[in-house]
Amino acid sequence: MVILAERRDDESKAHNYRRLTSLPWSQSTFAEIVTRMHINGSVISTINGGDVAMFTRTYITRQTDPISAIVYNCRTANAWPGDMAMSVTYVPATSSTYAIVLGCSKDSIDRISRLLSNAGTSICHPLLLPRLLVELELHRHDNLVKTGLTQVKQFVNDLLKNKTYDWKARGKKEEDMSTSTSVEQWMGICQVQNKLTSWERQLLNMADSMDELSETEFAKIVPRDPVNKDAVFRKTMQEEGAFLRDRIRVIATEYEDKIRDCQMIMESMSMATQMAHTKANMEIALHAKRDGSQMKSIAVLTMLFLPSTFVSTLFAMPFFDWKPDHGRPTASSWLWIYFVVSISLTCVTCGLWYVFVNFWGVKRPRRKPDYGEMSTV
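Everything in the sequence shown is counted per my numbering, starting at 70 for the first residue and increasing by one.
Below you can see the structure in the form of structure tokens.
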């Protein structure tokens with residue numbers, strides 16, 4: 070028997086990671102379902118614990134009778150919309166399976182119903198429903214990885230389109246390509262990778278449980294009678310268990326590819342960010358070089374005019390007689406000294422600067438870096 074519980078509608082249409090704890094029944098109805106469906110109390114912790122994916126197997130003895138049973142609880146991560154929980158109770162004595170699936174959407178109910186109707190003899194296997202849940206979760210995770218790939222491609226394209234850094238529109242570009250957005254995308258991909266890794270481990274646990282079930286409950290000695298229904302049933306369940314196990318392992322391999330895709334996404338974002346930083350640093354270096362050239366020109370002009378200014382200050386003393394007694398301004402006969410001294414000092418200053426920059430500054434031995442100190446730091 071299987072109960073597919075539909076998820077309650079959320080009027081806000083926003084993802085609520087606690088939505089699965091809100092069951093679509095009253096407390097009395099749920100208590101009756103637990104009793105009639107032989108649901109173990111561990112389903113409560115399964116419903117509440119949705120931070121990480123989980124798959125557990127527990128051997129129990131029912132309270133109503135001394136018959137032993139096996140309880141399989143499965144929970145998907147609630148980090149994104151569409152998380153589900155499942156509890157399956159298998160009674161080997163009667164080969165009966167009681168299951169309840171929580172958090173189903175209308176689409177997932179249709180898919181599970183369709184898969185169960187086409188399951189054939191595997192419908193009697195107690196781990197068929199967990200395998201169907203794995204198929205639904207594979208579809209959800211596939212959409213997450215594809216969305217992440219699309220976002221990172223757009224992010225990389227936006228970075229590569231900016232060939233130069235527009236200093237005038239600096240504020241606008243920083244608003245369009247904010248660091249917080251890229252960090253949020255990177256953290257989102259990291260979360261997807263971590264959840265996929267955790268879910269892959271649960272898939273391997275599920276495959277081990279299938280092998281365990283085939284080697285224990287379905288491998289018990291029965292009379293060698295070709296028409297013995299119990300023997301035929303156990304043999305069939307072993308074959309179906311092997312098929313389900315192989316499918317789970319194939320899906321686990323697909324998750325390895327998805328995890329590598331997430332790693333590639335993060336590396337691509339890091340590389341694109343480094344390229345953007347390198348491009349910005351090159352722009353900064355280019356502007357700094359231009360500023361240095363301008364400062365060099367200013368320094369040269371200063372050297373050209375500074376000696377003349379200095380000499381003019383010296384000759385600002387009563388060197389010229391602008392108001393002589395005979396009526397006409399006269400200059401001293403030593404005026405030529407001004408030009409000789411100014412030109413000489415200018416040539417000497419420029420010559421010393423040229424020698425310092427091109428000879429002494431180049432040939433001066435440079436101190437080699439102390440790699441020991443660098444390694445220590």
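Ideal Cβ positions, reconstructed from N, Cα and C, are used throughout, including at glycine.
Which first and last residues belong to the alpha helix (DSSP H) in which residue i is found?
i: L184; result: 175-186
i: E101; result: 96-105
i: L414; result: 405-424
i: T115; result: 111-117
Any idea which residues DSSP pairs residue i with across the strands?
i: T158; result: V140, Y167
i: R126; result: Y141
So residue i is in the beta strand (DSSP E); what residue range does that whole segment cover?
i: I72; result: 71-75
In whole angstroms, what separates the C-alpha of residue i from that of residue j?
i: K242; j: E325; result: Note that K242 scores 47 on pLDDT, short of 50, meaning its location in the model is unreliable and no value can be drawn from it.
i: L265; j: K215; result: 14 Å
i: R59; j: I334; result: Because the chain is modelled from 70 through 446, residue 59 falls outside the range shown and cannot be assessed.
i: V319; j: A349; result: 45 Å
i: N109; j: A168; result: 10 Å
i: A74; j: N142; result: 15 Å
i: I192; j: L213; result: 30 Å
i: P195; j: V157; result: 7 Å
i: T233; j: E352; result: Interpretation of T233 is limited by its pLDDT of 45, a score under 50 that renders its predicted location unreliable; the figure taken from the coordinates is listed afterwards. Cα to Cα, the separation comes out at about 7 Å.
i: M256; j: M340; result: 16 Å
i: F124; j: S174; result: 21 Å
i: A146; j: T190; result: 30 Å
i: E206; j: G217; result: 17 Å
i: F144; j: K298; result: Note on identity: in this sequence residue 144 is Arg, with Phe being the wrong assignment. Roughly 34 Å between the two C-alpha positions.
i: N427; j: Q254; result: 52 Å
i: I72; j: A122; result: 21 Å
i: W422; j: M344; result: 40 Å
i: A321; j: L273; result: 7 Å
i: E101; j: E286; result: 29 Å
i: T418; j: D360; result: 23 Å
i: L202; j: D134; result: 30 Å
i: R131; j: H210; result: 36 Å
i: S377; j: L355; result: 34 Å
i: N226; j: S337; result: 11 Å
i: Q307; j: S114; result: 31 Å
i: R126; j: D330; result: 31 Å
i: F408; j: A357; result: 38 Å
i: G420; j: K230; result: 48 Å
How about residue i: is its C-beta nearer than 8 Å to some C-beta of chain D?
i: S114; result: In summary, chain D is missing from the structure at hand, where a single protein chain is found.
* contact_flag[the segment 152-165, the segment 123-142] where n(CB pairs < 8 Å) is 3 or more -> Segments in contact, yes.
* Asked: Is the segment 176-192 in contact with the segment 114-124, if contact means three or more CB pairs nearer than 8 Å?
  -> no
* May I ask you to verify whether the segment 144-155 touches the segment 91-99, counting CB pairs closer than 8 Å and requiring at least 3? => no
* To do: Kindly provide the ranges of any beta strand (DSSP E) runs that are 3 or more residues long and lie completely inside the segment 315-340, ordered along the chain.
  => Counting only runs of 3 or more, we get nothing.
* Are at least three pairs of beta-carbons, each pair with one atom in the segment 401-414 and one in the segment 354-372, less than 8 Å apart? -> no
* **the segment 278-286 in contact with the segment 313-332 per 3-pair CB rule at 8 Å** => yes
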